[in-house]
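Inspection log for the structure reproduced underneath, given as C-alpha cells.
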Amino acid sequence: MGKRQHPDTYEESRHYVVDDLALTGGLWPIRMGRLKAGPEHRFPQRMIDYYALHFVINGKVRHRYGDQQIELSQGDVFCAYPGVVYHHFIVPSDQPLEMIWVSIGGGQTPLLLEKAGFRPSVPFVPGVIGKELETSLVHLFSQQEDNSSQRQVELIASIYRIFGLMIPKNSTDKSDAGPASWIPRSIEYMNMHYTENINVQDVAAYISVHRAYFSKIFAEQTGITPIHYLQKLRMERALQLLQQTRHSISEIAMTLGYPDLYSFSRAFSKHYKASPSKLRELAASPVVIC
Numbered sequence: 001m002g003k004r005q006h007p008d009t010y011e012e013s014r015h016y017v018v019d020d021l022a023l024t025g026g027l028w029p030i031r032m033g034r035l036k037a038g039p040e041h042r043f044p045q046r047m048i049d050y051y052a053l054h055f056v057i058n059g060k061v062r063h064r065y066g067d068q069q070i071e072l073s074q075g076d077v078f079c080a081y082p083g084v085v086y087h088h089f090i091v092p093s094d095q096p097l098e099m100i101w102v103s104i105g106g107g108q109t110p111l112l113l114e115k116a117g118f119r120p121s122v123p124f125v126p127g128v129i130g131k132e133l134e135t136s137l138v139h140l141f142s143q144q145e146d147n148s149s150q151r152q153v154e155l156i157a158s159i160y161r162i163f164g165l166m167i168p169k170n171s172t173d174k175s176d177a178g179p180a181s182w183i184p185r186s187i188e189y190m191n192m193h194y195t196e197n198i199n200v201q202d203v204a205a206y207i208s209v210h211r212a213y214f215s216k217i218f219a220e221q222t223g224i225t226p227i228h229y230l231q232k233l234r235m236e237r238a239l240q241l242l243q244q245t246r247h248s249i250s251e252i253a254m255t256l257g258y259p260d261l262y263s264f265s266r267a268f269s270k271h272y273k274a275s276p277s278k279l280r281e282l283a284a285s286p287v288v289i290c
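Residue numbers for the sequence shown follow full-length UniProt numbering, beginning at 1 and rising by one.
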C-alpha cells in the first residue's frame with residue numbers, strides 16, 4: 001500500500017497478490033487506488049495487461065486511449081482495456097479531480113464489462129455513479145489493507161456489487177434482444193433448474209416472453225418444444241441415476257422434482273417404454289459373451 005499527500009493532492013494505491021482461491025473464480029482484484037489532485041498533476045502514459053475501471057467522483061478528466069479521447073466528469077466511468085495505451089489529463093474546473101480506480105482480472109471480467117455498457121471501441125459509460133455506487137467505492141478503502149484470503153473474498157464480493165450497481169436494470173439481455181438472445185438463455189435456465197419442478201411458464205417468465213410465443217419460436221429454432229426439452233433433461237438424468245447410483249426410485253423421483261413416485265414412473269415408462277425398476281435391473285445384469 002502506498003500513500004502520497006501534499007497540500008492539494010492526495011493519492012493512495014493498494015496492490016494485491018491473487019491467491020489460489022481467487023484464481024478459481026471469475027474475477028479478482030489486482031490493484032486499486034484513489035486520487036485527489038488539481039490541474040498541475042501529471043499522469044504517466046500507460047499500457048496494462050489487465051482491466052482498470054476509473055470512476056470520476058469529482059472534477060473533470062480527459063482520457064486518451066489509442067488514437068481517440070473523451071472528456072469525462074463527475075459520475076462517469078472509463079475502462080482501460082489490456083494492451084491499449086491510455087493517458088489521463090486533468091481538465092481545469094471549479095473542483096479538483098477526485099477519482100477511484102479498480103484494476104481487475106478474471107474470465108468473467110469482459111462479460112461483466114459488456115453488461116455494464118463498456119466496449120473496447122467505446123470504453124466509457126456516462127453518469128452511472130449514483131450515491132449507492134459512490135458509497136460502495138469509498139467502502140473499498142474503509143479497512144486496514146492485507147492480503148488475507150478473508151479480505152480477498154470481501155473485496156471480490158464488493159467488486160461484484162459495484163458491477164451490479166452499474167449494470168442497468170433494463171439491460172438488453174431481456175426479451176427485446178430477440179430470440180437470438182433469449183433462446184440460449186432459456187436453455188441455460190432449463191439446464192440449471194430442470195430438477196426443481198419448473199414448467200414452461202416459469203421459463204417464459206424468466207426471459208419475459210409470452211408462453212405460447214416462446215414455445216412456438218423455441219420449437220421452430222431447436223426442433224423440440226420446451227416441454228419436451230425439459231422432459232428429455234429429466235429422463236436422461238433419471239437413467240443416469242438409475243444406472244450409476246443406489247438411490248431408491250422414490251429418491252430419484254424427488255431429486256428430479258416429481259411430486260410422487262407414480263408421476264415419475266409414468267413419465268419414465270412413457271419415455272423409455274420400460275419401467276424404472278426394469279431398466280435398473282437390465283443395467284445390473286451381467287453381460288454374457290458367447
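Here a beta-carbon is modelled for each residue, glycine too, at the ideal position from N, C-alpha and C.
All of these numbers come straight from a predicted model, not from anything done at the bench.
For this session: State buried or exposed for G83, treating a residue as buried only when at least 16 other CB atoms are found within 10 Å of its CB.
Result: Position 83 of the sequence shown, counted from the start, is the residue given in the question as residue 83. Exposed is the call here.
For this session: Return yes when the Cβ of L256 is within less than 8 Å of the Cβ of A238, no when it is not.
Result: Residue mapping note: residue 238 aligns to position 238 of the sequence shown, counting from 1. Residue mapping note: residue 256 aligns to position 256 of the sequence shown, counting from 1. Their beta carbons are under 8 Å apart, which means A238 touches L256 by this criterion.
For this session: State whether the stretch 233-253 contacts the stretch 206-213, with contact taken as three or more CB pairs (one from each stretch) at a distance under 8 Å.
Result: no
For this session: Classify H88 as helix, strand or coil using the three-state DSSP reduction.
Result: Position 88 of the sequence shown, counting from 1, holds the residue named residue 88. Strand at H88.
Problem set entry | Buried versus exposed call for K60 [16 or more other C-beta atoms within 10 Å across all chains shown] | The residue labelled residue 60 in the question sits at position 60 within the sequence shown. Classification of K60: buried, given that the 10 Å Cβ count is 16 or more.
Problem set entry | Span separating the alpha-carbon of H228 from that of E220 | Counting from one through the sequence shown, the residue named residue 228 turns up at place 228. Counting from one through the sequence shown, the residue named residue 220 turns up at place 220. So the two alpha carbons sit approximately 13 Å from each other.
For this session: Could you spell out where the alpha helix (DSSP H) holding I162 opens and where it closes?
Result: Indexing the sequence shown from 1 puts residue 162 at position 162. Run containing I162: S149 to M166, per the alpha helix (DSSP H) assignment.
For this session: Could you please give the first and the last residue of the uninterrupted beta strand (DSSP E) stretch that includes Q68?
Result: Counted from its first residue, the sequence shown places residue 68 at position 68. Q68 to S73 is the extent of the beta strand (DSSP E) around Q68.
Exercise. Hey, out of K115, K131 and E132, whose CA is closest to F124's CA?
Worked result: Residue numbering aside, residue 124 sits at position 124 when the sequence shown is read from its first letter. F124 has its Cα closest to that of K115, out of K115, K131 and E132.
Exercise. When burial is assigned at 16 or more other CB atoms within 10 Å of the CB, is K36 buried or exposed?
Worked result: The count along the sequence shown starts at 1 and reaches residue 36 at position 36. K36 is buried by the Cβ-count criterion.
Exercise. Is DSSP giving N58 helix, strand or coil here?
Worked result: Within the sequence shown, the letter at position 58 stands for residue 58. Strand.
Exercise. Less than 8 Å separating the beta-carbons of residue 300 and G130?
Worked result: Outside the displayed range of the chain (1 to 290) lies residue 300, so it cannot be described from this structure.
For this session: Pick helix, strand or coil for R31, following the three-state DSSP scheme.
Result: Along the sequence shown, read from residue 1 onward, the residue named residue 31 stands at position 31. It is a strand residue.
For this session: Kindly list the residues whose CB is nearer than 6 Å to the CB of M1, restricted to its own chain and excluding five residues on each side of it in sequence; keep chain order.
Result: The residue labelled residue 1 in the question sits at position 1 within the sequence shown. For M1, the predicted structure reports a pLDDT of 48, less than 50, and the residue's modelled location is therefore unreliable. A value from the coordinates is still provided. So the list reads R14 and E145, once near-sequence residues are dropped.
For this session: Determine the burial state of L21: buried for a count of at least 16 other Cβ atoms within 10 Å of its Cβ, exposed for fewer.
Result: Within the sequence shown, residue 21 is the residue found at index 21, counting from 1. Classification of L21: exposed, given that the 10 Å Cβ count is below 16.
Exercise. Buried or exposed: I159, going by 16 or more other Cβ atoms within 10 Å of its Cβ?
Worked result: Locating residue 159 in the sequence shown gives position 159, where the first residue counts as 1. By the neighbour-count rule (16 or more Cβ atoms within 10 Å), I159 is buried.
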